[in-house]
Amino acid sequence: MRLNAGHLEVRSRPVGFVGLVGALFFGFYFGVPALFPRMEALVYSARPVTSEVLAVGAQYEQLVEFGTWLQATGATLCVVFFIGLLFISASNGTLAAYTVLLGSAVLVALVLMEGVFTLTWVSASTAGVPESARAGYDLMSRFIQVFPLVPAPAVYLPLGVILLRSRVLPTWLGWVALALGAAFLLVGLLEVFIPFAQAFAAGLAGLQDLWILTTAIILIARPAPKRSNPPA
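In the working numbering, each number is its position in the sequence shown, counted from 1, plus 518.
Now the structure itself:
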């Protein structure tokens, strides 16, 4: 279904608010570990010992569960934001739009899988089951390696093309989306050969959140179109 430009313009502000909330949720999710040095040391450790995995999981169970909620809800809101951009640009029904939808579906599935592993980690840590806790933590920590392989490039590369073609937003946002998609694709390949490439993936995740936040603010701040009387 294709909508006229005026209707899409009016609807752009709610889409911006959805993206804004999603980006803020992601920002809180990524920023929470920095407030707790012990958790930050574990999350950013290359090879944590099992005793520390259990101790941190049991100590911060509720905090980790809240972070899981932030991530899952934020990812869902960001996917709604991506879909809203497709409608705003009147690109729904194109191959690029279907590719964005595919990448978004994979993204939500991946985030929910990580949530299951994360909750397994903290619940098993609290129950004193080291094998399950260690397995849950190790599976959870692989998310940063999988994200650049399919979800991120499949969303940002076609989305960048759509924004450049539609010109409903500043052109530079489309170029940045293309750059993000290409960078994620490259990092996903580098992770196969270079272990510390995960740090680049984490950095790109932060830049992605900044892109969503900026795009959402632009959608909210731009003036709504003036209503005109329809012809007789």
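No residue lacks a Cβ here, since even glycine has one placed at the ideal position from N, Cα and C. From a predicted model like this one, the values you see are computed outputs, not experimental measurements.
Worksheet entry | Simplified DSSP assignment, three categories, for Y562 | coil
Worksheet item: Thinking C-alpha only, which one of V533, L542, R565, G545 is nearest S659?
Response: R565
Discussion item. To the nearest angstrom, how far is the alpha carbon of V647 from that of T612?
Written reply: 49 Å
Worksheet item: If we call anything under 8 Å between Cβ atoms a contact, is P669 one with L625?
Response: yes
Worksheet item: Where do the N-terminal and C-terminal ends of the alpha helix (DSSP H) with I738 fall, by residue?
Response: 716-739
Worksheet item: Taking A672 as the reference, which of T617, A715, G549 has the closest Cα?
Response: T617
Practice prompt. Any chance you could list the alpha helix (DSSP H) runs of at least 4 consecutive residues sitting entirely within the region 654-724, in chain order?
Written response: 661-664, 669-684, 689-711
Discussion item. Can you confirm whether the region 531-539 touches the region 711-723 when touching is taken to mean that 3 or more C-beta pairs between the two stretches lie within less than 8 Å?
Written reply: no
Worksheet item: E632: buried (16+ other C-beta within 10 angstroms of its C-beta) or exposed?
Response: buried
Worksheet item: How about the region 598-611 and the region 548-568: do they share at least three Cβ pairs that are nearer than 8 Å?
Response: no
Practice prompt. Measure the Cβ-Cβ separation of G699 and G724 and say whether it is below 8 Å.
Written response: no
Fill in: From V561, C596, L560, F554, residue whose alpha carbon lies closest to that of D727
C596
Fill in: Burial state of R556 (16 or more Cβ within 10 Å)
exposed
Worksheet entry | Expected contact under 8 Å - CB spacing of V571 and L560 to nearest Å | 7 Å
Item to complete: Could you check the C-alpha separation between I730 and A541 for me, to the nearest Å?
Response: 6 Å
Worksheet item: Run through DSSP, which three-state label would A608 get?
Response: coil
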